[in-house]
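Laid out in structure tokens, this is it:
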């Protein structure tokens, strides 16, 4: 399956290579560089590239390309999913997944890659199994190891590998038994200029941090499970029980994991927590443009909208922007033409606004496009879909755990498009007018 | 990789040719340091490597480890460290596990080049293969098989064979991986390896399943016959296999199903279309020639469906393609939601999923139409994602949604990403050709775009308008005139050429403008691009033929210019046109046809999806993604016209049951020995044929027999001990379930090996019979139905619970054609009784059914139909009825109970009613609730009962410990924790009441 892996940084250097079968020369990456040159943006490199003898499947994360070399037919998603799993593992081990972190821990990286694949086929990808095999490097452990001469590598087969619950290691012990669940929802939306929703959907996850002794068996039930339209589970969740009773029943992995992710589709009505009033105009013949943008809360159930960040890619003709924010700070990068405004918290009494002028290149014609506005925000203690956890019960262990649940809503890909939706350009009335013009 | 022959040199490809040559040279002088020197660049490294050698040869473990870590760093950077081989290989037997692992890494990387030295390490691995620690055995095999040295092939073969029989499933998994490695090293070993694969395919461990199927796919994907016997097992294990294995197994089973089952599509669709008009006839015909899905086919679909909820995108995609290629058309749409969910994943995942959706959406618009908004383009998407979304939106466009889609397109056209804007214009053109209602609207929208400031947009619009006008050869003179006006400002050659072509093609519609355009072109001809020049010549020729009075001189001028052009294409074309249109003595017969040649009506270009023919590749594959056949791609076979023999998948009993059968109800056996003989002869008959449709007629006969017996049965008062069908001795039951090997439940022990044990399933011979109402005679318009669970193994399928239904006609007229109609959930597996032709007033009849509840108490809903009416009814099983009594000894019971501790145990302290103090009373109460068998107990205060679930054969152990006073501790041990808690409730209730 997966023959080799090359890690390539933003400047095009191959800084790590690993081969699981015979060595494939790194010159195979030339095909990748070729594709990279053709692509205007780093994201535009096609994920699957055919070469005369191999196929390259790559993912881009944290400005590093992970390029897998394949020699024969394999589902591309298989490889892509695995590569992402590799990145997740690195992040889990080193806190960050950067070139520096990987270079510093190259031995651990190599040990990990060795365990994750055997002959190109995934062997152990479950984080807690890997952690039993290879202990994550910490400063303390490095010190202890240098003194005592002990190693980071486990000598026994991880217990998880053979058990029915491979995601959980045995013999877990905590003095404080706690289980925390974070319900995090992201809204993806496209809103038109008048504020009506073109499309909106919610992507939610329940991330858990479970530190419980022994083999606890948890059940989590919701007030309104019907909301969960389409879900995907961590393998620990008992699917049959969910089907029958809409209850999440599971033996949790130890530590952090994603219990569930769900999707509330665009067919449902989605509440939009903020509104934007904006007016960006350019006049023909003038070298000035007007910029006027106001934000306000909407359908937030009384919760504060925080960490608001507005960004917009202004047209190429804009030379500079001279704006005046009522709160927060703004920056305009004259090279990339990217305007960002760090708003902070929205005060419903005094709505934040950003007003001013933009100077255009002299002599350039009026930009024919208005910019799209992207917004980021956070709302604590609220899940915008209305999902609520009813209760969490534990079976199988005697002690009483501390349980906590937190809700948060965030903006995902939240964008305001610069036009009104009514479809003027292509309507039939215009057709007749146009023909008159022709005559 | 299958093409690789014995030597490793072929593994280098031509790209690495230069380096391969260098390294090959190095092989001949293994220890020479010339490599490093030859490059010159590495001289510094080379010096460093000297001190690495010293470190490796030192006595200090920590120094060695430090050296190995630096060497691994070198390997990771792709720098050569091969000259250290002798120093490194010495440490292969190190006690330090980390050091050892790093040496393994090194060895696997360089052994191929230093074959002789690599052999020194082999004996260490051979020793490690016998290590008591399974982890060490496994890693030794891993490294041994990764050393690509042809000499050790026999040693590897031996090691693989041994490991395949290892007690540890982890080692067996490793051996499955080693099979592929050995095969790529030496394909001549194929036959022997297939034997090992065959053996490992029989393995019941979920750990092994994925890896061995992977080996199967690599080594012998055409040996479908090896799968037959393991098909059902693989289907059933699938949910528990690790996620990567699931992907491989699903794609293998997709191919398998395509060779073994008949198509669920064609027949069904044909019937539907053909008989749509005449419903009466349709019914008859479909009954005559129905499509019956093979139960194994259904099993695969049913068992893969839950995996759509997997967090692994590759698994979801694998299931989606399985449904696409195997499921009946109306069931495919269940995958839609999950695929749309994947669109929120990483960019690369989106790319692949969108490609697959694009292919699917061409054939099945309806599947994705409700989710059309999920394909709206965002300004932050990467270009290739945008174009794919555009493709899908275009595919999904229809009369109903076109206006919204066009509105979206309108915003896309204004995008700053000009390549994307151009693609959008193409898409508008496609919508316009596909949906005739909007052709005019689109055309005019495109005309509006002609006044766009951006040139690429204008040019693309012109090109698309040209194509559209060709498909719509109606009165579009106005648009052509408008384009003529634009002509001066358009500079993109392709667009200019398109306008010229349009002028020429429709010159009769613009008789005044066309010659003027030609005049302008004559002025600028020399400065134009080639493609524009060619079209100018074309225009001139066409005008000469239609309007020679005005254009004769112009044409001649242009032809003269063309004659001396630098480009020979243009010179050729000019010469050809001149001969064709200007009559002279040499031109001959052809010029007579000039008009017909040049002004012939031309077929409109088709505007088709780029994904139109992608469906020749299996979805989700690399080949599909690239739209070219990847190496090693397995063609998805077409459905066979006639299904091959189905019985090949039946699994025989491998071994006779070793345990001694302790019959529980000897008295009952005596009582009805006559009956038991009858049953045994019946079952003997059924075992001779398979349980499939071929033996349907036989089972019909059996049913009839039973219905005759029914009145007798009814005469016994309810609550009496049910002794109609007695405990049958165990060898008889083998006959009853010839294909059932799952009678030997498997237990995963925490330790090394898988452990099989056999337990007898006994037919509970006593226990009160509870009758439940299915249909009241008031609601049933005279038809009433009651059901009870006879607690005997179901004859139709071992995973079904037997249900007997008593139908009574309490109306004053005869009821006809009583049968079972629609069932829900659709996946429910019910064995229906045969249609009862006629039921006289006052008469009643008992029929038996089999229902597979899949070990859940979810109600089975179905319709009970008579000739005139349909009644929706449902059977809700009590949890205790989903069990089968099993017999085991007290020791076995305790042993099994020990394995089902922790999460598999549910217990409660209960208060017993005083009337239930005696053992008999307890037995009676427990057996009334659940179909379990009593385990003979040596302790007085202990009552134990054993059973197993009907569907998955999971063991259910009930034990009751009486304490002083009326308290008791009730414990249930089973893997099915939901069942345990429900059963606990039921038992608690039963024991608390008198």
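Chains as they are written, first to last, in this note's numbering: chain A, -10 to 428; chain B, 2 to 995.
Each residue gets a CB set at the ideal place from its N, CA and C atoms; glycine is no exception.
Item: Nearest-angstrom Cβ-Cβ length linking residue 166 of chain B and residue 212 of chain B, presumed shorter than 8 Å; Value: The Cβ separation is near 16 Å, so there is no contact.
Item: Local Cβ density within 10 Å of residue 576 of chain B, reported as buried at 16 or more and exposed below that; Value: exposed
Item: Validate contact between the stretch 526 to 541 of chain B and the stretch 499 to 509 of chain B using beta carbons, cut 8 Å, 3 pairs; Value: yes
Item: Exposure label - residue 988 of chain B; buried when at least 16 CB within 10 Å; Value: buried
Item: According to DSSP, residues forming a beta bridge with residue 309 of chain A; Value: A/348
Item: Any C-beta of chain B under 8 Å from that of residue 406 of chain A; Value: yes
Item: Residue 227 of chain A versus residue 239 of chain A: straight-line alpha-carbon distance, rounded; Value: 6 Å
Item: Contact set between the stretch 194 to 207 of chain A and chain B, restricted to residues whose Cβ is under 9 Å from the partner; Value: 203, 204, 205 and 206
Item: Alpha helix (DSSP H) segments (min. 4 residues) lying fully within the stretch 195 to 248 of chain B; Value: 207 to 220 and 232 to 238
Item: Residues of the stretch 176 to 195 of chain A whose Cβ lies closer than 8 Å to any Cβ of chain B, in chain order; Value: 177, 179, 187, 188, 190 and 192
Item: Start-end ranges of the beta strand (DSSP E) lying completely within the stretch 317 to 345 of chain A, minimum 3 residues; Value: 318 to 322 and 327 to 333
Item: 8 Å Cβ cutoff, residue 897 of chain B in contact with chain A; Value: no
Item: First through last residue of the alpha helix (DSSP H) which encompasses residue 158 of chain A; Value: Taken as a continuous stretch (DSSP letters only), residue 158 of chain A belongs to no alpha helix (DSSP H), as it is neither H nor E.
Item: Inter-residue spacing [alpha-carbon to alpha-carbon] between residue 377 of chain A and residue 452 of chain B; Value: 53 Å
Item: Nearest-angstrom Cβ-Cβ length linking residue 343 of chain B and residue 354 of chain B, presumed shorter than 8 Å; Value: 5 Å
Item: Contained beta strand (DSSP E) runs [length at least 3] in the stretch 215 to 269 of chain A, N- to C-terminal order; Value: 219 to 222, 236 to 239 and 244 to 253
Item: The beta strand (DSSP E) enclosing residue 279 of chain A, as first and last residue numbers; Value: 277 to 286
Item: Burial state of residue 97 of chain B, where buried means 16 or more other Cβ atoms lie within 10 Å; Value: buried
Item: Buried or exposed by the 16-neighbour rule on C-beta atoms within 10 Å, applied to residue 219 of chain B; Value: buried
Item: Validate contact between the stretch -9 to 9 of chain A and the stretch 104 to 111 of chain A using beta carbons, cut 8 Å, 3 pairs; Value: yes
Item: Inter-stretch contact at 8 Å, needing at least 3 Cβ pairs: the stretch 872 to 881 of chain B / the stretch 813 to 820 of chain B; Value: no
Item: Proximity below 8 Å, CB of residue 300 of chain B to CB of residue 236 of chain B; Value: yes
Item: Selected residue, minimal CA-CA separation from residue 78 of chain A, among A/60, A/275 and A/100; Value: A/100
Item: Whether residue 401 of chain A touches residue 261 of chain A by CB criterion (8 Å); Value: no
Item: Where residue 779 of chain B falls: helix, strand or coil (DSSP); Value: coil
Item: Per-residue burial, residue 415 of chain B [other beta carbons within 10 Å of its own, 16 or more giving buried]; Value: buried
Item: For residue 806 of chain B, the residue or residues it bridges with in DSSP; Value: B/788 and B/848
Item: Cβ contact (3+ pairs, closer than 8 Å) linking the stretch 913 to 931 of chain B and the stretch 854 to 869 of chain B; Value: no
Item: Other residues of its chain near residue 153 of chain B: CB distance less than 8 Å, five sequence neighbours each side excluded; Value: 120, 123 and 145
Item: Residue ranges of each alpha helix (DSSP H) within the stretch 864 to 926 of chain B, 4 or longer; Value: 891 to 900
Item: Limits of the unbroken alpha helix (DSSP H) element including residue 494 of chain B; Value: 494 to 506
Item: Environment of residue 543 of chain B [buried if 16+ CB atoms lie within 10 Å]; Value: buried
Item: Residues near residue 616 of chain B in its chain [Cβ-Cβ closer than 6 Å; skip 5 each side]; Value: 360
Item: Cβ neighbours of residue 183 of chain B in the same chain (closer than 8 Å, five flanking residues each side left out); Value: 146, 154, 157, 158, 161, 190 and 194
Item: Proximal residues to residue 540 of chain B (C-beta, below 8 Å), its chain only, five neighbours per side dropped; Value: 501, 502, 504, 505, 508, 515, 518, 519 and 522
Item: Anticipated Cβ contact below 8 Å, residue 157 of chain A with residue 117 of chain A, distance rounded; Value: 7 Å
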